[in-house]
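K.L.:
The structure under discussion is supplied below as structure tokens; questions concerning it will follow.
Number of protein chains: 2
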Amino acid sequence: MLSFTEENYLKALVQLTVFEESYTEVGVNKLASTLEVKPATVSDMVRKLKEKLLVNYEKYGKISLTEKGRVAGMMVVRRHRLWETFLYKKLDFTWAEVHELAEDLEHIHSKKLIDRLDQFLEFPEFDPHGDAIPNADGEIIIPFRKTLSEVGKGEKCKVVAVKDNSTDFLQHVDKIGLKIRDDVTVIDRDDFDSLTTIGFNGVQIVVSLKFTDNIFVVCAQCLKAKDCNCHSL
Amino acid sequence: MLSFTEENYLKALVQLTVFEESYTEVGVNKLASTLEVKPATVSDMVRKLKEKLLVNYEKYGKISLTEKGRVAGMMVVRRHRLWETFLYKKLDFTWAEVHELAEDLEHIHSKKLIDRLDQFLEFPEFDPHGDAIPNADGEIIIPFRKTLSEVGKGEKCKVVAVKDNSTDFLQHVDKIGLKIRDDVTVIDRDDFDSLTTIGFNGVQIVVSLKFTDNIFVVCAQCLKAKDCNCHSL
DNA sequence: TTTAATTGTTAGGCTAGTCTAACTTTATTA
DNA sequence: TAATAAAGTTAGACTAGCCTAACAATTAAA
Ligand SMILES: [Mn+2]
Ligand SMILES: [Mn+2]
Ligand SMILES: [Mn+2]
Ligand SMILES: [Mn+2]
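Chains as they are written, first to last, in my numbering: chain B, 1 to 233; chain D, 1 to 233.
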């Protein structure tokens, strides 16, 4: 049985080596800053995770997940995202509130519980932030997507997820009024100060790079292409 | 913020000093055996709980809950019983399964979450085992009840709760077919070996003292009396 | 009322997970 | 390639929560 701490290490490793940028390994310092602990602490812990066959690691080398570690980490992500969906859909929490609560709920271990919850929610594909929910085997469809920053002037796209899950950012998105599945047009982009003018739902607004960097979209032409997996959205 | 361990101590103290037999204080050994730790461990921990103003305690004396400790402990019980109700009513777990899962879920702290859950469940009064659920202020109605062992030959009563919450006992009750709210008649009692013959739902069966000791009932005459709070059942 | 049994405390030690401070290895850059 | 910077490790210390073993206080029995 894995401890809360071990699970948090594995979840962070999934974030860093599976979801983000497709790196497959990560250094001690990066993992330490993600978990908000000191590198010395990670050094120690990673040795223990290696003994449990959850990570690949050699002294002074990079850290990567074994298959066992990947599945264990993915289960934490599955639980996290299913609980978020429950809180959002059934208990009427906002998408800005659910992440923090799910940080605790994700460590409830029962497989039966989480599979029943999945069923109760009618097998949702995505959580309230637009992130895909891994299945009971730890498999996940990572849809193709880019950030709103990468969409060119004049192009149309659809919001599919948010990158930053913090309360502050999500409340900011709420204030602007943008929602997942909204269609957005990039009306203008100022290359000097990286401000973008977007249009959606009949409104037009100027947003910062910090904003567009944290909005995931699929572009219109990609939505039409047959060989793109973002069709499932 | 209270740790899991501290919460388990407070919950155990509520069990021992509020729910059970109306003792208002308890010794170190009793608390230790309830929590399945050694007396030395309790001795230490109780000192810490006293510093946090959660218990009254003097060296070599008895332990009792302060008002602050009572409310904190009652909140753990509230969370436990609400989660049990959720698992039973919404996720179709059996009453024999829910207790173990609730042992973990009861430590999720968010007050907002538990109050929303309460609302989602439409403010249940009793959990799947017939135990009353404390309200958001930590108040609880402890209905008058006795065990089936205390019901005399020829008397009629209604099952309101089970005392033993273990999987084994609950599955045994399932096998016998008895349910909460069933009307039971004590047909015969053998005083020598304490076997009781009961009738319910048209069936007649002989049960042991261990069984009758763990079934809570209200007797028929009490159900008729106006000054008895078990009317709310 | 003295002895014995029960009950509770203290001292010292263990593990998980964290830290700081000092040190070592690897990578970068002049 | 040698100096410097960055990244990573080790040693020693701390806390929470647990243990055992030895001891002290209280209660019950003789
Ligand atoms: Mn989240
Ligand atoms: Mn999410
Ligand atoms: Mn229970
Ligand atoms: Mn219960």
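The beta carbon of each residue, even a glycine, is placed where N, CA and C say it ideally should be.
This one's a predicted model, so the numbers in the text were calculated from it and none came from an experiment.
Return the Cβ separation of valine 77 of chain D and leucine 87 of chain D in integer angstroms, given the expectation that the two are a contact with Cβ distance under 8 Å.
P.N.:
Between leucine 87 of chain D and valine 77 of chain D the Cβ distance is about 16 Å, and since that is not below 8 Å, they are no contact.
K.L.:
Give the residues whose C-beta lies closer than 5 Å to at least one heavy atom of ligand 3, in chain order.
P.N.:
In chain order, the hits are D/His99 and D/Asn165.
K.L.:
Distance, Cα to Cα, aspartate 191 of chain B vs phenylalanine 120 of chain D?
P.N.:
Rounded to whole angstroms, aspartate 191 of chain B to phenylalanine 120 of chain D spans 49 Å at the Cα level.
K.L.:
Examine ligand 1 and report whether any of its heavy atoms sits within less than 8 Å of the Cβ of aspartate 168 of chain B.
P.N.:
Answer for aspartate 168 of chain B: no, Cβ out of range of ligand 1.
K.L.:
Would you mind giving the Cβ-Cβ distance between glycine 69 of chain B and leucine 54 of chain B, rounded to the nearest angstrom? I have them listed as a contact below 8 Å.
P.N.:
Glycine 69 of chain B to leucine 54 of chain B, Cβ: 4 Å. Contact.
K.L.:
Shorter than 9 Å from the beta carbon of arginine 47 of chain D to some beta carbon of chain B?
P.N.:
Closer than 9 Å: no.
K.L.:
Does the distance between the C-beta of glutamate 106 of chain B and the nearest non-hydrogen atom of ligand 2 fall short of 8 Å?
P.N.:
Not under cutoff, so the answer is no.
K.L.:
Are the region 140-149 of chain D and the region 192-209 of chain D touching, with three or more C-beta to C-beta distances below 8 Å?
P.N.:
The region 140-149 of chain D vs the region 192-209 of chain D: in contact.
K.L.:
Check whether the Cβ of alanine 102 of chain B lies closer than 8 Å to any heavy atom of ligand 2, and answer yes or no.
P.N.:
Yes - ligand 2 has a heavy atom lying nearer than 8 Å to the Cβ of alanine 102 of chain B.
K.L.:
Expressed to the nearest angstrom, what Euclidean distance is found between the alpha-carbon atoms of valine 173 of chain D and aspartate 118 of chain B?
P.N.:
Approximately 30 Å, taken between the alpha carbons.
K.L.:
If we count the other Cβ atoms within 10 Å of its Cβ and call it buried at 16 or more, is threonine 24 of chain D buried or exposed?
P.N.:
Counting Cβ neighbours within 10 Å, threonine 24 of chain D comes out exposed, since fewer than 16 surround it.
K.L.:
Where does valine 186 of chain B sit, in a helix, a strand or coil, going by DSSP?
P.N.:
Three-state result, valine 186 of chain B: strand.
K.L.:
For leucine 170 of chain D, collect the residues of the same chain with a Cβ closer than 6 Å to its Cβ; drop the 5 residues on either side in sequence, then sort them by chain order.
P.N.:
So the list reads Trp95 and Ala96, once near-sequence residues are dropped.
K.L.:
Below 9 Å between beta carbons is the criterion; list the residues of the region 89-109 of chain D that meet it against any residue of chain B, in chain order.
P.N.:
If the cut-off is 9 Å between Cβ atoms, the region 89-109 of chain D has Lys90, Leu91, Asp92, Phe93, Glu97, Glu100, Leu101, Asp104, Leu105, His107, Ile108 and His109 near chain B.
K.L.:
Whose Cβ in chain D lies nearer than 7 Å to the Cβ of phenylalanine 123 of chain B?
P.N.:
Ordered by position in chain D, no residue passes the 7 Å Cβ test against phenylalanine 123 of chain B, which lies about 14 Å from the chain.
K.L.:
Could you compute how far the alpha carbon of glycine 27 of chain B sits from the alpha carbon of arginine 79 of chain D?
P.N.:
Straight-line Cα distance between these residues: approximately 40 Å.
K.L.:
Check the C-beta distance from glutamate 218 of chain D over to arginine 145 of chain D and give it rounded, since I have them as a contact under 8 Å.
P.N.:
A small fix is needed here, since residue 218 of chain D is valine in this sequence, not glutamate. That belief holds up - the Cβ atoms of valine 218 of chain D and arginine 145 of chain D are roughly 6 Å apart, short of 8 Å.
K.L.:
Phenylalanine 216 of chain D touches chain B at which residues, Cβ-Cβ below 9 Å?
P.N.:
What phenylalanine 216 of chain D touches in chain B: nothing, since even the nearest Cβ is about 28 Å away.
K.L.:
Please state whether the Cβ-Cβ distance between phenylalanine 93 of chain B and leucine 101 of chain B is less than 9 Å.
P.N.:
Contact: yes.
K.L.:
Would you say glutamate 84 of chain D touches ligand 4, meaning its beta carbon is less than 8 Å from a heavy atom?
P.N.:
Because some heavy atom of ligand 4 lies under 8 Å away, the Cβ of glutamate 84 of chain D counts as near it: yes.
K.L.:
Comparing C-alpha positions only, which one of D/Thr85, D/Tyr57 and D/Ala72 sits nearest to threonine 5 of chain D?
P.N.:
For threonine 5 of chain D, the nearest C-alpha among the options comes from D/Ala72.
K.L.:
Counting contacts by CB-CB distance shorter than 9 Å, is lysine 11 of chain B in contact with chain D?
P.N.:
So, not an interface residue.
K.L.:
Closer than 8 Å by beta-carbon distance: list the chain D residues that pair up with phenylalanine 120 of chain B, in chain order.
P.N.:
The contacting residues are Lys90 and Leu91.
K.L.:
Write down every uninterrupted run of the alpha helix (DSSP H) in the region 15-103 of chain B whose length is 4 residues or greater and which is fully enclosed by it, in chain order.
P.N.:
Runs of the alpha helix (DSSP H) inside the region 15-103 of chain B: 28-35, 39-51 and 67-89.
K.L.:
Under 7 Å, CB to CB, which of the residues in the region 166-181 of chain D have a partner in chain B?
P.N.:
Answer in chain order: no residues at all.
K.L.:
Does the Cβ of proline 128 of chain B lie closer than 8 Å to at least one heavy atom of ligand 2?
P.N.:
Yes.
K.L.:
How would you call alanine 32 of chain B, buried or exposed, if buried means at least 16 neighbouring beta carbons within 10 angstroms?
P.N.:
That one is buried.
K.L.:
For ligand 2, I want to know if aspartate 131 of chain B counts as a neighbour, meaning its beta carbon is within less than 8 Å of at least one of the ligand's heavy atoms.
P.N.:
The answer is yes for aspartate 131 of chain B.
K.L.:
Where DSSP assigns a beta bridge to valine 207 of chain B, which residues make up the other side?
P.N.:
Answer by DSSP bridge pairing, in chain order: B/Thr196.
K.L.:
Can you name the start and end residues of the alpha helix (DSSP H) that lysine 179 of chain D belongs to?
P.N.:
Premise fails: lysine 179 of chain D is in no alpha helix (DSSP H) and is neither H nor E.
K.L.:
Are the Cβ atoms of leucine 35 of chain D and valine 42 of chain D separated by less than 9 Å?
P.N.:
In contact: leucine 35 of chain D and valine 42 of chain D (Cβ atoms closer than 9 Å).
K.L.:
For the alpha helix (DSSP H) that contains phenylalanine 144 of chain B, what are its first and last residues?
P.N.:
Premise fails: phenylalanine 144 of chain B is in no alpha helix (DSSP H) and is neither H nor E.
K.L.:
Just to make sure I have the definition right: I need the residues of chain D whose C-beta is within less than 8 Å of the C-beta of leucine 117 of chain B. Which are they?
P.N.:
Within chain D, the residues near leucine 117 of chain B are Leu91.
K.L.:
Quick one: Cα of aspartate 168 of chain B to Cα of glycine 177 of chain B, how far?
P.N.:
Their backbone Cα atoms lie some 14 Å apart in a straight line.
K.L.:
Rounded to whole angstroms, what's the CA-CA distance from lysine 112 of chain D to lysine 38 of chain D? Just pull it up for me.
P.N.:
Computed Cα separation, rounded: 35 Å.
K.L.:
Indicate the three-state DSSP secondary structure (helix, strand or coil) for phenylalanine 123 of chain B in the structure shown.
P.N.:
Of the three classes helix, strand and coil, the one that applies to phenylalanine 123 of chain B here is coil, per DSSP.
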